[in-house]
Ligand SMILES: Nc1ncnc2c1ncn2[C@@H]1O[C@H](COP(=O)(O)OP(=O)(O)OP(=O)(O)O)[C@@H](O)[C@H]1O
Ligand SMILES: [Mg+2]
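Residue numbers (the numbering used here), protein chains in the order written: chain A, 391 to 669; chain B, 39 to 318.
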């Protein structure tokens, strides 16, 4: 039985058999994933399973020992990175650094080069507009180092959006965001995704969020031990495969209709997206 | 013309201060933001090996050997940082103490130079030559061009290296360039302020400016100005008082720092008490 996707979907990101060893730890042991354009794809997994390492590979921050990664069909380089927005898991800004949010955001705009962040009216309007979307205009003249975790995350997202990215890579974007804040935070990312048609790759421990917003989920544990639409991956058995211990599944009502409602390009060598690919 | 300016050595020293002070102040903003104060300290101390080695090899003026040895040490530090699992702090402590030990031993073998040790440690205004002033002017020009040409990438680099990489900054070359500029600046500052005190010229203006600045632009401008005021003020004040230049410069900078500390504390107190105190 083969089930070809109706229309071939172009992949924003392709990861093929990626191996990474850090020190003595073989962190990634043959990871494969495909992210179609315009999707929200979540990567889940226990602490230390290599999620951050995988994202660092996508961004050319970590050399891969074996395997291949392509963004928009091209190998990672400055040219494709210009189309990427990245929000790191944590960013420590030294308190002795006086950079203001306005100056930080202005760094992302080309016209501020050579101008010592002299804010032109157009640039200023643009910064305000982007911050307004993220509910953070009031932070414009605050020092970057004085922001709380959640405020910093918003500013970092604003920073990546100012580069007009085609793909947004977020590493646990809600680390340091309180629970109600967390909820609205993902709503925010989802609405930005809808409006701009961005591809989003995010790491999250929040299975509820993954269930609500992600189109496809990869459960990582050195390898991709399980992938599929959230309603399939987030059940007890596949979570057990991913986390190695019993995790309460995310409760949800079953949708009528096809589990594979999303056109997804199959991994190489397989014609059907496989939901429960256990080790 | 004030009478101290009729002395050629004072002219040279004042010019050196006017060039080096602002340069240290400007770079100091990035040095402090990147927690590289100890790096500056390490480079400064390696100058002792440069001085001793220079004399041993037969140089009359230690400036060139000092610049060379400091650059070698800076590159060694960057290399060790990339190729070992050691903490940067540890690497620097090892390099600092080894280069001081090497310098002291090499000087001990040259008894006529050993007597001048304190001049290298605490600076000697008489030792600043016209060549030193010229080299400082050239390095200052390069620093100004690089800092303003690469201001955005340098700022991003100081914020977060990963973010800078993803934003298209070529992190490694820029890092090396920045470290080498700091190294050259510190090595030149050694002639004026001395090995032990030169870090004050890099760190204190930036730290002082931090107390007044509310954004990076103000921080850079103020840091540069304070470097200028502190360094040239120290040279000018030292003359009538007959104080050694190095310590005078450092104390001038420290006095400005205390003012900034008081100011920023007062500002914070004002900001944190929104309610006016009721009058009796
Ligand atoms: N520099 C390093 N040297 C050796 N091992 C490392 C290094 N960096 C990370 N590791 C190891 O690699 C593994 C994967 O780390 P990674 O940060 O990718 O995990 P993660 O999935 O992002 O975890 P978390 O959920 O805690 O963020 C961990 O076991 C970690 O201990
Ligand atoms: Mg992580």
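Yeah, the Cβ is synthetic: ideal placement off N, Cα and C, and Gly gets one too.
| Item | Value |
| --- | --- |
| Tell me, which residues are paired with residue 533 of chain A by DSSP? | A:490 |
| Quick one: what's got a C-beta closer than 8 Å to residue 465 of chain A's C-beta in the same chain, skipping five residues either side? | 458, 459 |
| From residue 268 of chain B to residue 407 of chain A, what does the alpha carbon distance come to, in whole angstroms? | 59 Å |
| Can you tell which of A:462, A:452, A:456, A:482 has the C-alpha that lies nearest to the C-alpha of residue 588 of chain A? | A:462 |
| Looking at residue 479 of chain A and ligand 2, is the gap between the Cβ and the nearest heavy atom below 7 Å? | yes |
| Any heavy atom of ligand 1 closer than 7 Å to the beta-carbon of residue 417 of chain A? | yes |
| Taking residue 210 of chain B as the reference, give the member of B:120, B:46, B:110, B:90 with the closest Cα. | B:120 |
| Per DSSP, residue 615 of chain A forms a beta bridge with which residues? | Paired residues: none, contrary to the question. |
| Taking 7 Å as the cut-off, is the C-beta of residue 442 of chain A nearer than that to any heavy atom in ligand 2? | yes |
| Kindly indicate the opening and closing residues of the beta strand (DSSP E) around residue 409 of chain A. | 401-412 |
| Looking at C-alpha atoms only, which residue of A:543, A:497, A:623 is the closest neighbour of residue 207 of chain B? | A:497 |
| Give me, in chain order, the residues of the same chain whose beta-carbon lies closer than 7 Å to that of residue 234 of chain B; leave out the 5 immediate sequence neighbours on both sides. | 159, 160 |
| If you follow the alpha helix (DSSP H) that residue 247 of chain B is part of, which residue opens it and which one closes it? | 236-250 |
| Within the segment 100-128 of chain B, note down every full alpha helix (DSSP H) run reaching 4 residues or more, in order along the chain. | 101-121 |
| Quick one: is the Cβ of residue 422 of chain A within less than 7 Å of any heavy atom of ligand 1? | no |
| Within the same chain, show all residues whose beta-carbon is closer than 7 Å to that of residue 620 of chain A, passing over the 5 residues directly before and after it, in chain order. | 600, 601, 604, 607 |
| Taking only the alpha-carbon atoms, compute the straight-line gap between residue 469 of chain A and residue 526 of chain A and give it to the nearest angstrom. | 30 Å |
| Just tell me which of A:555, A:592, A:557 has its CA closest to the CA of residue 564 of chain A. | A:592 |
| What residues from the segment 454-482 of chain A come within 7 Å of chain B, judged by C-beta to C-beta, listed N to C? | 468, 471, 472, 474, 476, 478, 481 |
| At a threshold of 7 Å, does residue 596 of chain A count as lining ligand 2 (C-beta to nearest heavy atom)? | no |
| Applying the 10 Å Cβ sphere with the 16-neighbour rule, what's the burial state of residue 576 of chain A? | buried |
| Pairs of beta-carbons, one from the segment 129-140 of chain B and one from the segment 64-81 of chain B, closer than 8 Å: are there three or more? | yes |
| Taking the straight line between their C-alpha atoms, what separation do you get for residue 52 of chain B and residue 274 of chain B? | 8 Å |
| Buried or exposed: residue 95 of chain B, going by 16 or more other Cβ atoms within 10 Å of its Cβ? | exposed |
| Does the beta carbon of residue 412 of chain A fall short of 7 Å from some heavy atom of ligand 4? | With respect to ligand 4, the structure shown offers nothing to examine, as its ligands consist of ligand 1 and ligand 2. |
| Counting only the same chain and skipping the five closest in sequence on each side, list residues whose C-beta sits under 8 Å from that of residue 157 of chain B. | 165, 232 |
| Could you check whether the segment 65-72 of chain B touches the segment 139-148 of chain B, counting it as contact only if at least three pairs of C-beta atoms, one from each stretch, sit closer than 8 Å? | no |
| Which of the three DSSP states, helix, strand or coil, is assigned to residue 543 of chain A? | helix |
| Can you look up residue 302 of chain B in the DSSP assignment and give me helix, strand or coil? | helix |
| By Cβ distance below 7 Å, which residues in the same chain neighbour residue 429 of chain A in space, the five residues on each side in sequence not counted? | 589, 605, 606 |
| Helix, strand or coil: how does DSSP classify residue 420 of chain A here? | strand |
| What number of angstroms, rounded off, separates the C-alpha of residue 648 of chain A from the C-alpha of residue 616 of chain A? | Confidence at residue 648 of chain A is low in this model, with a pLDDT of 40, below 50, so its placement is unreliable and the value that follows should be read with caution. Residue 648 of chain A and residue 616 of chain A: Cα-Cα distance of roughly 19 Å. |
| Report the three-state DSSP secondary structure of residue 456 of chain A (helix, strand or coil). | strand |
| Under 8 Å between the Cβ atoms of residue 320 of chain B and residue 177 of chain B? | The question about residue 320 of chain B has no answer here: the residues shown for chain B are numbered 39 through 318. |
| What is the DSSP secondary structure of residue 218 of chain B, counted as helix, strand or coil? | helix |
| Let me know the secondary structure DSSP gives residue 451 of chain A once reduced to three states. | coil |
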